[in-house]
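Residue numbers (my numbering), protein chains in the order written: chain A, 832 to 1101; chain B, 832 to 1101; chain C, 832 to 1101.
The structure appears right after this line, and notes come after that.
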Amino acid sequence: MHSLDPAPHLARVRRTTPLVHNITNHVAMNFMANVLLALGASPAMVHAREEAAEFASLAAALTVNIGTLSPHWLDAMDDAARAANDAGTPWVLDPVAVGATRFRREAGARLLALGPTAIRGNASEILALADQGGGGRGVDSTDSADSAERAAVALARGSGAVVAVTGEVDLVTDGRRLARVAGGHALMPRVTTMGCALSGVVGAFLSGAEDPFAATVAALAAYAAAGEVAAESAAGPGSFAVAFLDALYGLDPARLTIPLADRLELTDAP
Amino acid sequence: MHSLDPAPHLARVRRTTPLVHNITNHVAMNFMANVLLALGASPAMVHAREEAAEFASLAAALTVNIGTLSPHWLDAMDDAARAANDAGTPWVLDPVAVGATRFRREAGARLLALGPTAIRGNASEILALADQGGGGRGVDSTDSADSAERAAVALARGSGAVVAVTGEVDLVTDGRRLARVAGGHALMPRVTTMGCALSGVVGAFLSGAEDPFAATVAALAAYAAAGEVAAESAAGPGSFAVAFLDALYGLDPARLTIPLADRLELTDAP
Amino acid sequence: MHSLDPAPHLARVRRTTPLVHNITNHVAMNFMANVLLALGASPAMVHAREEAAEFASLAAALTVNIGTLSPHWLDAMDDAARAANDAGTPWVLDPVAVGATRFRREAGARLLALGPTAIRGNASEILALADQGGGGRGVDSTDSADSAERAAVALARGSGAVVAVTGEVDLVTDGRRLARVAGGHALMPRVTTMGCALSGVVGAFLSGAEDPFAATVAALAAYAAAGEVAAESAAGPGSFAVAFLDALYGLDPARLTIPLADRLELTDAP
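Dropping the structure here:
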């Protein structure tokens, strides 16, 4: 059995039903809540500044997603992240399209400075965020897979966060270790907010975890496994999304162990 | 045929296609609209203070849900509830997580004071709301089922609203009568905003009803019946939600009558 | 092959994956994003005034929908529409329930004055919008089908936009030509935000199109064709929505050509 076996992490989520507080974008809210419920966690979406910090201090994990940001929400995210830090609660930053506008670049830098436990994004987002001060050195490789890896490691070292770069093959690093998780399915990027919802799953797996790196790898492995099950019966992105929720709900922790041994590659970070 | 036969209520909704104005949370909006359309009602989501009261006065029913509240929306809810009261339009309060934060407790008390026609929540929410002044006496039973019943009756008497406590067995009271509605399915709480959407269905059933208590019971019975139909073909929460919309759409009023006689228990309130 | 053959338009969307920037209502966001992804476009929902104009200038098309409007969002829509105009980017106005309240009437008039490339609404919305200054003359016919046609032509001539009135038979006009597109299915209006999402599809088809009138006709034809495929396997509105996304994803451009010849009627505008 692999030392990064995801099965115990999934079992812990099912056993503890962690309350995951999400300040996420409007597109993702419903699907993310359904993903977390199907997984066995307890989602709550609370974003008003009047209660965000108070609620974050009650939660088992917090996730913060800048997808449909506004200044008021950004303040609430800041409050909630600080409350999570004060309570020792893990929190995840999802820097959606962080490089697209000045507003997002500033929001990304501000939230990064608050010290997330984990960061999950696609390669472009991680590259953009690393450029904004998390990394400490520029990212200028012309090889995008390679540059994303170097950016992720630099971002992890600069911020202290576990960094997950999701794509065809996911990459996770804490600046010291580097894991690659293969799997999933080509229909996943054709369903909106699959990535946003995954950040919620990372939050659920971080709750109660001793090793945030292992918990993040487990979350990605569980997600990929559910995607493969869903693809077996899907005729397109509509039926895929439905089958994906069913697959998460029915995911057997034991099922995760064996495939992962084949698909996960663990090395030292470069 | 039972005196609380839900069939005529469902038939009325189908016949009149009531315009249900919802100021609800971001997670629920899409699913709630689909639930109301599948049922045969006409949903509208309108929350800006600049138009909430004006729109509420056009609607056949109003629902107000504090799930993802903000101060501006709370003001709009207040305006809309007053407009509904002025127009004699029934309205439903859904006090999501009302006990969780100070902001919610104050919002719940403020909206309760406006006199909703019906209140729908889970046991914790009804207990919290009853504690905030609707009941007139404390709720301190250690038996949660029992305490929810007493809280619901006290809340109904204190507020004048029909109170529905939904869970494995639903409970409805107007402070004088008390009904229990069994049915539904264990997958229902694994789909997000099933309860929020039910509050919309209660709103649709209240429109044009002579007896709000009977209309609320009918709404819950119809929802439970659709849940049972959906469960027959569901493989998990994803396919359940899809089948549930199909089941609501296909629900035969005649089908509701017989099961209800077995599953509904009507008594005097204690 | 018809001169309004939609196949090349769909092929162009698939080939170019246009980034469609949507400032749309809360109910529509998730479904609209899934519709655009299934079609082959790249959706983004960005509504904060701090970035709406900047983002619109990056996009291949913009859509603006007043379904759940607030004053701040209306300002962002205004900014984004001006940025689209400056960049020569096509944009679509979806005037949801524009006649229902004073706030909506004023918002509709304000956005109309900014010169959308296309306007998509149901008959009531187009009638209301034409009345507010786009048409230049009153609409007072008692024949609603006839009056919608006259309102659409007047609105197109007054505003310079392509106007699409969707319903059982869709009508498209640029003030000179008038097309009718039959097809679709009776379950489509039982799924929430099918119309809103269609406005996004119109945006995707406008991107890179030489003739906005032909592109709008093609968008409506593709949508109707997907609806017909979906209806073959649907048991109600829940399964219809799922099958519709699958159908859009699987839509063969070649499939669109032949049916359209039978179902499209092209004339001079009256």
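Ideal Cβ positions, reconstructed from N, Cα and C, are used throughout, including at glycine.
Quick one: give me the first and last residue of the alpha helix (DSSP H) that residue i is part of.
i	result
Thr-847/C	838-847
Met-1025/A	1025-1037
Leu-1076/C	1068-1081
Leu-1051/B	1043-1064
Ala-1040/A	No alpha helix (DSSP H) holds Ala-1040/A; DSSP gives it neither H nor E.
Ala-887/C	883-887
Would you call the CB atoms of residue i and residue j closer than 9 Å?
i	j	result
Leu-1029/A	Ala-1050/A	yes
Phe-1075/C	Val-866/C	yes
Val-993/A	Ile-957/A	no
Ala-891/C	Ile-854/C	no
Leu-868/A	Pro-837/B	no
Leu-960/A	Val-929/A	yes
Phe-934/A	Leu-900/A	yes
Val-1022/B	Ala-995/B	no
His-1016/A	Ala-1062/A	yes
Ala-1056/C	Arg-1086/C	yes
His-857/B	His-857/C	yes
Leu-945/C	Glu-980/C	no
Val-1048/B	Val-1000/B	no
Ile-897/C	Leu-942/C	yes
Gly-1026/A	Asp-925/A	yes
Pro-1068/C	Val-984/C	no
Thr-948/A	Ala-1010/A	no
Gly-1058/A	Ala-1035/A	no
Phe-886/C	Ala-938/A	no
Pro-1084/B	Arg-845/B	yes
Ala-1040/A	Gly-998/A	no
Thr-847/B	Ser-1070/B	no
Thr-920/B	Gly-1031/B	no
Val-1060/A	Leu-1095/A	no
Ala-864/C	Thr-1024/A	yes
Phe-1044/B	Arg-988/B	no
Ala-842/B	Ala-884/B	no
Val-1073/C	Val-1073/A	yes
In the DSSP assignment, find the beta strand (DSSP E) that holds residue i and state where it starts and stops.
i	result
Ile-854/C	850-854
Val-993/B	993-996
Leu-1009/A	1008-1012
Glu-1096/C	1095-1099
Ala-892/C	892-896
Give the DSSP bridge partners of residue i, in chain order.
i	result
Pro-874/B	Val-851/B
Thr-1004/C	Val-994/C and Leu-1009/C
Of all the beta strand (DSSP E) runs that stay within the bounds of the stretch 903-970 of chain B, which reach a length of 3 or more residues?
Runs found: 922-925 and 949-952.
Would you call the stretch 897-910 of chain B in contact with the stretch 863-881 of chain B, where contact means no fewer than 3 C-beta pairs closer than 8 Å?
With the cut-off at 8 Å, the stretch 897-910 of chain B and the stretch 863-881 of chain B touch.
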